[in-house]
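J.:
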Amino acid sequence: MAAMDIPLLAAVIPAYRYFKRMVLEKAFPRPEFRIDWISDISSTQLFFYKWAMLHCGTTMGKEIIDLSAKNSRYFHEAFNCEPTSKMYKRNTCDLWNTTRRDY
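If you're matching positions, the sequence shown starts at 1 in this note's numbering and goes up one per residue.
(1) So, does the region 76 to 95 touch the region 44 to 63, judging by three or more C-beta pairs under 8 angstroms?
(2) Can you name, in chain order, every residue of its own chain whose Cβ lies under 7 angstroms from the Cβ of Ser72, other than the five neighbours on each side?
(3) Would you please state the rounded distance, in angstroms, between the beta carbons of Ile65 and His55? I believe it to be under 8 angstroms.
(4) Once the 5 residues before and after Lys89 are set aside, which same chain residues still bring their CB inside 8 angstroms of it?
(5) For Ser85, is the classification buried or exposed, using 16 other Cβ atoms within 10 angstroms of its Cβ as the cut-off for buried?
(6) Helix, strand or coil: how does DSSP classify Tyr103 here?
(7) Let me confirm a value: Trp39 is counted as buried when at least 16 other C-beta atoms fall within 10 Å, else exposed. Which label applies?
(8) Which residues in the same chain have their Cβ closer than 7 angstroms to the Cβ of Ile6, if we skip the five residues on either side of it in sequence?
(9) With 16 as the cutoff for other CB atoms within 10 Å, does Tyr16 come out buried or exposed?
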């Protein structure tokens with residue numbers, strides 16, 4: 001992976017935290033919102049679908065999507081990734097490791 005792609009991998013966590021804080025808490029008073037025609041998808045899942053769509057078709061798109069998802073505990077929780085899942089990584093590389101685990 002090229003060095004210029006590292007910021008794309010690192011960006012998913014602050015982007016997700018911003019999404020949760022600004023969209024869910026401030027723009028929408030409800031703690032969880034759903035889109036009528038895809039009501040079975042949570043807002044967190046929707047975030048990761050949109051994240052993937054941003055990178056689809058780019059040179060390193062698949063790698064960026066897979067690595068950022070595998071290293072995100074938010075992704076694991078949103079999609080209920082079991083330890084046997086291809087998208088589950090036990091020892092994640094948390095570039096934004098802080099004691100404050102909330103968004």
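Glycine included, C-beta positions come from ideal geometry on N, C-alpha and C.
T.: Reading off the structure:
(1) yes
(2) Val12, Ile13
(3) With 8 angstroms as the limit, Ile65 and His55 qualify as a contact, their Cβ atoms being about 5 angstroms apart.
(4) Lys70, Asn71
(5) Around the C-beta of Ser85, fewer than 16 other C-beta atoms lie within 10 Å, and the residue is accordingly described as exposed.
(6) For Tyr103, the pLDDT reaches just 48, beneath the cut-off of 50, and the residue's location in the model is therefore unreliable, although a value from the coordinates is still provided. The answer is coil: DSSP assigns Tyr103 none of H, G, I, E or B.
(7) Inspection of the sequence shows that residue 39 is occupied by Ser rather than by Trp. Exposed, by the Cβ-count rule.
(8) none
(9) The residue in question, Tyr16, is buried, as its Cβ has 16 or more Cβ neighbours within 10 Å.
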